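Notes to accompany the following structure.
Below you can see the structure in the form of structure tokens.
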């Protein structure tokens with residue numbers, strides 16, 4: 001493709017990613033509201049699921065519907081000057097930041113991999129990781145229903161990335177993680193949540209061998225750094241609750257980035273012999 005076509009294609013990719021970012025940040029906040037927050041007991045579960053997808057975008061403070069113009073990813077936030085046009089409440093910067101991040105990820109990952117399929121499906125995986133981050137960061141809880149979507153989109157992304165489906169080695173990784181985390185949960189329940197028992201093995205399975213080491217190390221390294229930097233002066237870390245679902249999700253993102261660097265750009269963080 002010529003330069004002009006490449007630029008147009010990149011713009012379309014960015015808009016696609018930003019639109020999905022807008023959808024998933026809204027979905028994550030609605031999951032908190034309808035299944036964890038003050039509206040979790042209103043209506044049946046099915047009714048709340050319908051609200052999750054059917055109710056038009058609105059101000060979280062006064063519930064006034066947002067006009068179509070202000071729903072344009074990133075641009076809409078600045079057109080409103082970051083405030084609701086009805087009640088003038090400030091809107092969170094998380095909206096444009098998420099939209100920008102998703103858009104950039106789609107463009108860059110396509111340029112790095114050359115795989116349109118991967119660029120199309122990865123933001124869906126990223127969106128469900130965002131939901132996990134939101135629920136665990138706010139309520140120390142991981143939605144088990146969300147795990148199915150993470151697994152499904154993760155498998156599709158893996159195929160477009162390496163043109164391979166899981167092999168027995170990946171299954172061994174899953175079983176190893178499942179056995180370790182289940183044992184840890186049964187022996188020391190105060191130190192781990194059951195969500196970690198379910199999510200960590202699946203994330204390691206998606207990472208595969210030997211990438212599970214990248215997933216595990218990056219997750220706990222980031223968790224340790226953030227916990228140390230965010231603790232209050234004199235606060236003890238003994239017994240401190242850590243939302244590992246947040247760090248597992250971030251670790252999985254960096255694992256995919258590492259895979260891209262290795263498989264498509266030839267940047268070897270590990271040797272070829274170690275992958276066999």
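Residue numbers (full-length UniProt numbering): 1 to 276. Just so you know, even glycine gets a beta-carbon here, dropped at the ideal spot from N, CA and C. Here the structure is a predicted model, which is why all the values come from computation and not from measurement.
Requested in this report: May I have the straight-line CA-CA distance separating residue 273 from residue 165, to the nearest angstrom?
Outcome: With a pLDDT of 43 at residue 273, under the threshold of 50, the modelled position of that residue is not reliable, and the figure given next carries that caveat. Taking the straight line joining both Cα atoms gives about 20 Å.
Requested in this report: Give the secondary structure of residue 90 by DSSP, where H, G and I count as helix, E and B as strand, and everything else as coil.
Outcome: strand
Requested in this report: Tell me where the alpha helix (DSSP H) around residue 73 begins and ends.
Outcome: From DSSP, residue 73 is part of no alpha helix (DSSP H); its letter is neither H nor E.
Requested in this report: Look at the alpha carbon of residue 153 and the alpha carbon of residue 234, and state the distance between them as a whole number of angstroms.
Outcome: 43 Å
Query - The alpha helix (DSSP H) enclosing residue 241, as first and last residue numbers - result: Careful: residue 241 lies outside any alpha helix (DSSP H) and carries neither H nor E.
Report task. Following the continuous alpha helix (DSSP H) through residue 157, name the residue where it begins and the one where it ends. Result -> 144-162
Query raised in the report: Is the CB-CB distance between residue 91 and residue 79 below 8 Å?
Result: no
Query raised in the report: In whole angstroms, what is the alpha-carbon distance linking residue 271 and residue 260?
Result: In this prediction, residue 271 has a pLDDT of 40, which is less than 50 and means its spatial position is unreliable; what the coordinates show is noted afterwards. Cα to Cα, residue 271 sits roughly 15 Å from residue 260.
**Report entry** Under 8 Å between C-beta atoms of residue 225 and residue 251
**Finding:** no
Query - Distance CB(residue 86)-CB(residue 113) smaller than 8 Å - result: no
Report task. Return the CA-CA distance between residue 213 and residue 184, expressed in angstroms with no decimal places. Result -> 18 Å
Report task. Could you tell me how far apart the beta carbons of residue 28 and residue 134 are, in whole angstroms, since I believe they sit closer than 8 Å? Result -> 4 Å
Query raised in the report: Is residue 24 near residue 130, with beta carbons less than 8 Å apart?
Result: yes
Query raised in the report: How many Å lie between residue 106 and residue 99 at the Cα?
Result: 11 Å
Query raised in the report: Would DSSP call residue 5 helix, strand or coil?
Result: helix
**Report entry** Extent of the continuous alpha helix (DSSP H) to which residue 212 belongs
**Finding:** 212-230
Query raised in the report: Whose C-beta lies closer than 7 Å to the C-beta of residue 277 among residues of the same chain, with five residues either side of it excluded?
Result: This structure cannot settle anything about residue 277, because the visible part of the chain is limited to 1 through 276.
Query raised in the report: Using the C-alpha atoms, what's the distance from residue 125 back to residue 158?
Result: 11 Å
Requested in this report: On a CA-only basis, which of 227, 34, 74 is nearest residue 55? Give me that one, please.
Outcome: 34
Requested in this report: Return the Cβ separation of residue 57 and residue 71 in integer angstroms, given the expectation that the two are a contact with Cβ distance under 8 Å.
Outcome: 6 Å
Requested in this report: Could you tell me the distance, in whole angstroms, from the CA atom of residue 240 to the CA atom of residue 115?
Outcome: 42 Å
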